[in-house]
Amino acid sequence: MKKNTTIYDIANEAKVSPATVSRVLTGNESVKPETKRRVLAVIEKYNFRPNSLARSLLYKKSKTIGIILPDINHPFFSTLVQKMEATALALGYTTFLCNSMNNSENESTYLQTLIDKRVDGILFLGGRINEVKSNKSYVEEMNKIKEQVPVVFVNGSMDNVDAHVVRTDESDGIHKAIDLLYNFNHKKIAFIGGIKRISSTQIKLEAFYNALDKHQLDINMDWIMDGGFDIESGEELAKSLLSLEERPTAIICVNDFVAIGVIRILNKFGIRVPEDVSVVGFDDSYLAQYFPPGITSVTQNYDLLGEKAVKVLVEIINGENPGKEWIIPTKLIVRDSCQVLNIQNMY
């Protein structure tokens with residue numbers, strides 16, 4: 001078996017100390033030009049490249065970033081992570097991807113594992129940073145982690161944790177959806193899906209109230225229902241809406257999964273989308289584009305969100321001082337699940 005070349009082999013052949021080789025590798029200008037040329041010639045001869053542990057010791061950096069997320073199967077997270085990985089690679093970093101499977105204990109395990117792996121920084125998505133009320137023990141844990149490595153929260157925050165945050169303007173996204181429906185003559189608008197203890201639900205719901213108030217539209221509490229983020233939740237909530245004596249003419253859903261569930265049930269009961277009811281999703285996942293009739297949805301601006309999150313983290317790693325909070329604009333993608341209200345088609 002061929003023996004791997006080590007820093008000691010380079011030093012021996014170049015007739016210098018291992019410390020001198022280290023200084024050459026790290027770009028230390030104290031090395032004499034002739035000595036540097038001799039060392040670099042030997043390095044090139046053997047195509048020498050320090051292993052990851054040696055590089056982290058030499059450069060005081062591992063050039064790795066940890067990404068913790070709750071569900072890799074969810075289109076929002078999988079799409080976002082692809083952009084994060086691409087941006088990290090372009091900046092010379094590789095990533096450790098940690099799927100916590102919506103389990104806070106797994107998050108804790110991954111946090112410590114990433115510290116043990118000597119990552120240069122951590123991007124944290126979902127999970128504990130999306131809780132309206134932060135768990136005290138997790139706050140303490142996160143603050144201890146932040147003492148060891150930079151952490152950037154993506155689309156979330158924690159009480160009493162002074163972390164950098166990169167997030168999309170979900171509130172403005174809801175306002176844009178309401179503006180569209182209002183311009184389409186809808187005055188009876190529902191908001192369904194989500195879980196009240198999750199901050200993204202609260203942000204969207206508060207924006208929903210404010211947007212209705214802006215347009216002087218009545219708020220019917222019977223049309224505001226939480227219950228989950230999946231297709232099945234959308235189906236159950238749609239059934240609940242249909243059981244009401246007075247029904248909305250437009251439905252804003254907490255995400256695209258819920259919107260799909262809603263449309264499935266409306267179709268099942270012979271209610272047409274958008275002729276009878278307009279439906280709006282959120283996230284603009286690939287599902288929104290391909291699920292009939294094509295779901296109008298608020299895009300989370302994945303490319304900019306993922307790119308900015310990585311760049312902010314790298315700036316912190318490099319000792320720079322980026323802004324504490326970065327807000328990424330959203331955009332409403334209008335498809336065929338919404339149209340101008342036709343009073344004659346009221347179901």
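In full-length UniProt numbering, the protein residues as written are 1 to 347.
The C-beta atom is built at its ideal place from N, Cα and C for all residues, glycine as well.
Residue(s) in a DSSP beta bridge with residue i
{"i": "F153", "result": "F124, V165"}
{"i": "residue 355", "result": "As shown, the chain starts at 1 and ends at 347. That puts residue 355 outside it, with no answer to give."}
{"i": "M225", "result": "I192"}
{"i": "C253", "result": "I192"}
{"i": "G92", "result": "G92 pairs with nothing; no bridge assigned."}
{"i": "L69", "result": "N99"}
{"i": "I129", "result": "I129 pairs with nothing; no bridge assigned."}
{"i": "T64", "result": "T94"}
Counted within 10 angstroms of its Cβ, other Cβ atoms place residue i as buried (16 or more) or exposed
{"i": "L57", "result": "The predicted position of L57 is uncertain, since its pLDDT is 49 and thus under 50; a value taken from the coordinates is nonetheless stated next. Counting Cβ neighbours within 10 Å, L57 comes out exposed, since fewer than 16 surround it."}
{"i": "N342", "result": "exposed"}
{"i": "V16", "result": "buried"}
{"i": "F191", "result": "buried"}
{"i": "S30", "result": "exposed"}
{"i": "L244", "result": "exposed"}
{"i": "V340", "result": "exposed"}
{"i": "Q300", "result": "buried"}
{"i": "Y209", "result": "exposed"}
{"i": "N318", "result": "exposed"}
{"i": "A14", "result": "buried"}
Simplified DSSP assignment, three categories, for residue i
{"i": "M142", "result": "helix"}
{"i": "F191", "result": "strand"}
{"i": "E325", "result": "strand"}
{"i": "E246", "result": "coil"}
{"i": "E147", "result": "helix"}
{"i": "G261", "result": "helix"}
{"i": "G27", "result": "coil"}
{"i": "L57", "result": "Confidence is the limiting factor: at L57 the pLDDT is only 49, short of 50, which leaves the residue's position unreliable and the question unanswerable from this model."}
{"i": "N342", "result": "coil"}
{"i": "T79", "result": "helix"}
{"i": "T109", "result": "helix"}
{"i": "I174", "result": "helix"}
{"i": "I198", "result": "strand"}
{"i": "K32", "result": "coil"}
{"i": "T87", "result": "helix"}
{"i": "R38", "result": "helix"}
{"i": "Q216", "result": "coil"}
{"i": "T20", "result": "helix"}
Reference residue i, options the options, closest by Cα
{"i": "P18", "options": "Y8, L25, G281, N210", "result": "Y8"}
{"i": "L69", "options": "F48, K196, S104, R197", "result": "S104"}
{"i": "H215", "options": "G281, C253, I178, I251", "result": "I178"}
{"i": "S278", "options": "T330, A259, I316", "result": "A259"}
{"i": "A125", "options": "Q148, N28, V154, E147", "result": "The residue asked about is misnamed: residue 125 is Leu in this sequence, not Ala. Checked all of Q148, N28, V154, E147; the closest Cα to L125 is V154."}
{"i": "G270", "options": "A238, G319, D256, S199", "result": "A238"}
{"i": "I316", "options": "E147, Y46, K83", "result": "E147"}
{"i": "F77", "options": "N102, G92, K63", "result": "N102"}
{"i": "L241", "options": "F48, K188, E44, R23", "result": "K188"}
{"i": "S62", "options": "Y302, A163, V149, S337", "result": "V149"}
{"i": "K117", "options": "L97, L181, K196", "result": "L97"}
Cβ-heavy atom distance, residue i to the ligand NAP, below 8 Å
{"i": "A14", "result": "No copy of the ligand NAP appears in this structure; indeed no ligand is present at all."}
Chain C within 9 Å of residue i, Cβ atoms only
{"i": "S137", "result": "Judged by its chain identifiers, the structure shown contains no chain C, having just a single protein chain."}
For the pair the region 291–299 and the region 230–244, tell me if three or more CB-CB distances fall below 8 Å. no
Segment contact flag, the region 222–229 with the region 194–214, C-beta cutoff 8 Å, min 3 pairs: yes
Would you say the region 131–146 touches the region 86–102, given that touching needs at least three Cβ pairs under 8 Å? no
Any contact between the region 294–313 and the region 98–113? By contact I mean 3 or more CB pairs, one from each, below 8 Å. no
Using 8 Å as the cut-off, can you tell me whether the region 124–137 makes contact with the region 155–168, which would need three or more C-beta pairs spanning the two stretches below that distance? yes
Counting beta carbon pairs with one atom in the region 165–179 and one in the region 325–336, are three or more of them shorter than 8 Å? yes
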